[in-house]
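Take a look at the structure set out below.
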Amino acid sequence: MSQSSAQTMPDNSRVLMGAGLAWLAVFIFAAGNSIVSLLAEIGMRNQVMGRNVITYCNLLFVGSLMSLVPMSFMFWREWTMENLRRLTRKHWMILTLSAFLSSALTPGLFFYALEKTTVTNVVLMGRIEPPLFLLATWLFLREEFEPWAFVAGLVALCGAVLMLWLNGGGAFELGKGEIGALLATLSYIASTLVARTGLRGIPLGIYAIYRTVVGTIFYFFLAIYLFGPDHFQDVFHPLVWEYVWIYALIVVIGGQFAWALGLKYARSGDVSLATSFSPLAAILIAMVLLGEDPGPGLIPGGAIILLAIGLGQYGRLRSRRTREDCSTVAPARTRAMEHEGEVNFKGA
């Protein structure tokens, strides 16, 4: 075996491992909504003094607190006085705004939507995100506009609209859950735009931990203001902690860990292909875990979404012919921001 081939084999292995982890992360995030709904149903069947202690708010609050443990081990070295002194008042303002949007408002709206409607409808409403996200990055961040990706996003949105229309018997029924999912998607787009601008010059570890801590505090007081001072009275009940680790360990910790390693080693095209299947994976997982019936729109709407995936991949192949694929040279942090808007809300 030649020396050059021996050197390329480990790289190929890392690329394959990265692609596998990216797919794993996408499926974990796709399963996140179903896992949350399943745990809430378990709480309904095991009420304490007539109350469901495994509420969506308790899951989000405790799950966020638990996620701080692995993040502290991963990023404590970045919390140095030297790094903190480099941050300006503007940096702290951006960090605080990002924390409110990404770790308080967005998950709060997503969990509210899950409480009011099906996982399938939440996923379908989220299909408005890709085309809006591309427009927003072009208008506000002056990033290159990708016409094929935009068309693919519109086609996928048409597939989602068709599914909702057929499932509604030829009419649209936008209830509180669907409106909550739409607002959550808009909030997620805003948080991603802030993250793309705010991460420049800010160590990733400071960003991740600060966002989680401050966002959890925001969410705590926001929930108390909206629902009353007794809203978190059951947050330390043993039943909550008996099940919340499933959400925290699988979705928040496992998903984020696989996503970070996937972005580090996988090629950009592999990550993009994996994220393209996120909505269909979420619907199929909801069928398996929750027994949800996606309705008569599954096949025609799903076919259109598959067409959108094909269009998106075709556009990426065309772009790759005209410019060098940056996935082998771009740092993981840069690629994290490039793919941040492709996989929707990631649990925390």
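Quick note on the numbering used here: the sequence shown kicks off at 16 and runs consecutively.
Cβ atoms here follow ideal geometry from the backbone N, Cα and C, with glycine treated the same way.
Exposure label - residue i; buried when at least 16 CB within 10 Å
i	result
residue 291	buried
residue 244	exposed
residue 262	buried
residue 329	exposed
residue 251	exposed
residue 59	exposed
residue 188	exposed
residue 84	exposed
residue 54	buried
residue 78	buried
residue 193	buried
residue 165	buried
residue 99	exposed
residue 14	An answer regarding residue 14 cannot be provided, because it is not within the stretch 16 to 363 covered by the chain.
residue 154	exposed
Close Cβ partners of residue i (< 7 Å) along its chain, the five nearest in sequence each way excluded
i	result
residue 80	231
residue 246	72, 238, 239
residue 111	229
residue 119	230, 233, 234, 237
residue 307	133, 134, 135, 301
residue 43	265, 266, 269, 270, 273
residue 191	131
residue 139	175, 178, 179
residue 129	48, 51, 52, 71, 137
residue 127	195
residue 29	280
Residues bridged to residue i (per DSSP)
i	result
residue 66	63
Length of the line joining the Cα atoms of residue i and residue j
i	j	result
residue 310	residue 178	8 Å
residue 167	residue 116	27 Å
residue 86	residue 299	31 Å
residue 159	residue 285	20 Å
residue 217	residue 293	29 Å
residue 152	residue 208	7 Å
residue 75	residue 248	15 Å
residue 109	residue 206	10 Å
residue 34	residue 26	12 Å
residue 323	residue 182	20 Å
residue 82	residue 223	10 Å
residue 332	residue 121	33 Å
residue 204	residue 195	14 Å
residue 62	residue 303	24 Å
residue 210	residue 101	18 Å
residue 278	residue 70	32 Å
residue 305	residue 94	41 Å
residue 336	residue 295	29 Å
residue 97	residue 202	32 Å
residue 123	residue 241	11 Å
residue 276	residue 57	32 Å
residue 289	residue 184	32 Å
residue 7	residue 321	For residue 7 there is no data in the structure shown, the boundaries of the chain being 16 and 363.
Cβ shell of residue i (< 8 Å), same chain only, five flanking positions each side left out
i	result
residue 92	220
residue 161	149, 330, 334
residue 319	170, 171, 173, 174, 177
residue 212	109, 156
residue 226	110, 113, 114, 117, 118
residue 163	326, 327, 329, 330, 331, 333, 334
residue 260	81
Residues of its chain near residue i, where Cβ-Cβ distance is below 6 Å and the 5 sequence neighbours each way are ignored
i	result
residue 274	40
residue 197	140
residue 281	33, 34, 37
residue 297	45, 138
residue 89	none
Contact test: residue i Cβ vs the ligand NAD heavy atom, cutoff 7 Å
i	result
residue 268	As far as ligands go, the structure on display features none, and thus does not contain the ligand NAD.
### Query
Would the segment 307 to 327 and the segment 62 to 72 be scored as touching if the rule is three or more Cβ pairs under 8 Å?
With the cut-off at 8 Å, the segment 307 to 327 and the segment 62 to 72 do not touch.
### Query
Can at least three beta-carbon pairs, one atom from the segment 255 to 263 and one from the segment 142 to 150, be found at a separation below 8 Å?
Too few Cβ pairs lie closer than 8 Å, so no.
### Query
Do the segment 96 to 111 and the segment 33 to 49 meet, that is, are 3 or more Cβ pairs less than 8 Å apart?
Short answer: they don't touch.
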